[in-house]
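Novice: Residue numbers for the sequence shown follow my numbering, beginning at 15 and rising by one.
For glycine and all other residues, C-beta sits at the position ideal for the given N, C-alpha and C.
Bear in mind that the values here come from a model prediction, so they are computed numbers and not experimental data.
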Amino acid sequence: MTPSIELFNELRAAMEASPESSRHGNDLVTRLANSSGAVRIFRELDGRMGIFIPLGKDDPRSIPPDIRSRYITLRTVQRDGRDLIQLQLENPALENVFHVFVDTFFKHFRADRERAATIAQAQLKRWRSLFTPVPPNSLSDAEEIGLICELQEMEILLATDGALGFYRWTGPDQQAHDFRLEDRGIECKATRISNGLHVTINGAQQLLPEPDTRLLLAVRKYESSPNGEITLSGVVRRLLESDLVPSDELLSRLEEMRFSMAGVDPKTENSYRLVGRYVFEVGEGFPKLIVDDTEERISALRYNIDLTSPESIPGYRKDGSLT
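#1: Could you tell me whether the stretch 140 to 158 touches the stretch 82 to 93, where touching means 3 or more Cβ pairs closer than 8 Å?
#2: Cβ of LEU336 within 8 Å of Cβ of GLU167?
#3: Taking THR174 as part of the alpha helix (DSSP H), name the residues at either end of that continuous run.
#4: For the alpha helix (DSSP H) containing PHE145, name the first residue and the last one.
#5: Is it the case that the Cβ atoms of GLY51 and LEU103 are separated by a distance below 8 Å?
#6: Would you list, in sequence order, the uninterrupted alpha helix (DSSP H) runs of no fewer than 4 residues that lie entirely inside the stretch 176 to 203?
#7: Using only the alpha-carbon positions, how far apart do LEU21 and ARG182 sit?
#8: Can we say the stretch 263 to 281 touches the stretch 150 to 159, given the rule of at least three CB pairs closer than 8 Å?
#9: Look at the Cβ atom of GLY185, then the Cβ atom of GLU224, and state whether they are nearer than 8 Å.
#10: Pull up the distance between the alpha-carbon of ARG75 and that of ALA134, whole angstroms please.
#11: Is the distance from the Cβ of PRO324 to the Cβ of TYR292 below 8 Å?
#12: Can you tell me which residues form a DSSP beta bridge with ARG228?
#13: Should ILE77 be labelled buried (16 or more other beta-carbon atoms within 10 Å of its own) or exposed?
#14: For ALA232 versus CYS202, is the C-beta distance shorter than 8 Å?
#15: Just verifying my parser: in three-state terms, what is the DSSP assignment at MET271?
#16: Just the C-alpha distance for TYR236 and LEU171, rounded to the nearest angstrom, thanks.
#17: Can you give me the C-alpha to C-alpha distance between ALA190 and LEU230, rounded to a whole angstrom?
#18: When burial is assigned at 16 or more other CB atoms within 10 Å of the CB, is GLY160 buried or exposed?
#19: For THR87, which beta-bridge partners are listed by DSSP?
#20: At the level of alpha carbons, what is the spacing between GLY329 and GLU295?
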């Protein structure tokens with residue numbers, strides 16, 4: 015399935031190349047269709063954009079308008095004598111979020127083509143709060159690579175544990191470990207320190223397995239690079255393409271962590287290169303502090319561990335597995 019951003023870019027290029035663009039903009043037919051016709055994307059000359067959705071045979075004959083948001087609206091319109099649903103982004107600043115919305119709609123449309131309007135209506139209700147202008151993302155570099163690390167480990171877990179790879183991510187919840195599966199916890203650490211492999215541990219519980227579970231530590235070392243292939247928005251987009259990840263839930267949780275697709279500026283977004291990835295099972299012999307604090311009187315504990323020459327450290331997993 016062609017990503018919507020590519021379709022809209024194709025439409026933009028066609029509009030720019032044509033001296034006869036109408037003042038109402040232009041549209042492009044997609045390959046997605048039901049018994050009433052094809053889905054079309056459109057772009058207005060003022061920057062507004064959207065999709066025309068043909069009503070399916072299982073849709074109600076009348077779809078009420080949804081104009082509760084100033085930034086994205088849904089209406090019934092007539093084109094060529096037929097009723098269509100017009101889903102329109104009113105604020106071009108939210109284009110990044112809109113592309114994700116459209117890609118998600120396309121995915122659901124392919125599975126249930128004859129309820130196209132009903133699907134769009136329900137999806138807009140769930141997503142409406144995500145269409146709000148936000149300031150540029152304010153994550154520090156350390157927070158950014160930490161989040162990239164968690165999301166890249168999530169990609170691996172989706173392949174081994176299915177949807178649990180997303181649902182067992184603790185994300186913004188400030189729990190002891192980044193992933194809490196039935197038989198194991200996974201703590202993720204990212205570093206940009208150029209010499210050696212050093213990570214920071216926050217709190218006495220971060221390297222402590224929960225009862226009757228194992229604890230794995232996944233460490234990724236990055237370096238900043240103007241030509242780096244890794245960006246936070248790029249990792250998010252890959253996850254959003256997965257059928258195992260509910261797009262609206264992922265975006266909502268990321269907003270709680272102060273990252274929004276609406277706040278991404280491709281011209282200034284940081285890019286990184288992965289230097290190395292290392293996985294350890296935290297057990298006997300692994301370097302960690304054991305804190306005798308049964309009454310939880312010790313707070314703000316923070317320390318660094320040196321994992322340089324990882325193959326010499328007890329618990330190192332040469333295959334990098336998270337199982």
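Specialist: Reading it off the structure:
#1: yes
#2: yes
#3: 155 to 175
#4: Element bounds for PHE145: n/a, residue is neither H nor E.
#5: no
#6: 178 to 181
#7: 34 Å
#8: yes
#9: no
#10: 15 Å
#11: yes
#12: ARG198
#13: buried
#14: yes
#15: coil
#16: 20 Å
#17: 13 Å
#18: buried
#19: GLN102
#20: 5 Å
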